[in-house]
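Peer 1: To start, I am sharing the structure in question, which I have written as C-alpha cells.
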Amino acid sequence: MQDMNYRAAVRMKFIQSLQLLERNKKINWKPEKTKRVYTNESANSETKKEFRELAAHFEFVWYGNHNISTERFMIIDKQFDQFITKET
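Just so we're aligned, residue 1 is where the sequence shown starts under this note's numbering, counting upward by one.
And the structure:
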C-alpha cells in the first residue's frame, strides 16, 4: 500500500469502529454528531479512552491531511484492530 492510501485506510478503520459501536448500542450514530459526542456516549471509561485515541489518530491523518509512513500506519492499524476485536 502506498503512503497516500494509508489516509484512506485509517478513515475506513475509523468508520468501521463507529459502525461497530452503533451495532453494539454504545453510540447512536447520526451524521451531524462529532467525535466528541460519540466519545461521551461510549458506555464505559475504557471504551471512551480507546475511542478518543483512535479519533485523534483519524483527525490527525484525515483532517490534518497528513501522509503517514508504513511504520506509523502499522501502529495505528494495530490499535484499531485491537479495539475492533475487543468490541466484536
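Glycine included, C-beta positions come from ideal geometry on N, C-alpha and C. From a predicted model like this one, the values you see are computed outputs, not experimental measurements.
Have a look at Thr64 and Phe58 and give me their C-alpha separation to the nearest angstrom.
Peer 2: Before going on, a small fix: residue 64 reads as Gly here, not Thr. Those two C-alpha atoms are separated by around 9 angstroms.
Peer 1: Hey, could you find the ends of the alpha helix (DSSP H) Val37 is sitting in?
Peer 2: It spans 35-41 - the alpha helix (DSSP H) in which Val37 sits, taken as one unbroken run.
Peer 1: Residues in the same chain with beta-carbon distance under 8 angstroms from Arg11, minus the five sequence neighbours each way, listed in chain order, please.
Peer 2: Excluding sequence neighbours, Arg11 sits near Phe58, Val61, Trp62.
Peer 1: Buried or exposed, going by whether 16 or more other CB atoms sit within 10 Å of the CB of Glu71?
Peer 2: So Glu71 counts as exposed.
Peer 1: Can you tell me the Cα-Cα spacing of Ser45 and Lys30, whole angstroms?
Peer 2: Their Cα atoms are separated by approximately 22 angstroms.
Peer 1: Can you tell me where the alpha helix (DSSP H) with Lys48 in it begins and where it stops?
Peer 2: Its alpha helix (DSSP H) spans residues 45-58.
Peer 1: Is it true that the CB of Phe14 sits closer than 7 angstroms to the CB of Glu50?
Peer 2: Against a cut-off of 7 angstroms, the Cβ pair of Phe14 and Glu50 comes out as no contact.
Peer 1: Quick one: Cα of Gln2 to Cα of Tyr38, how far?
Peer 2: Here Gln2 scores only 48 on pLDDT, less than 50, and its place in the model is too uncertain to base an answer on.
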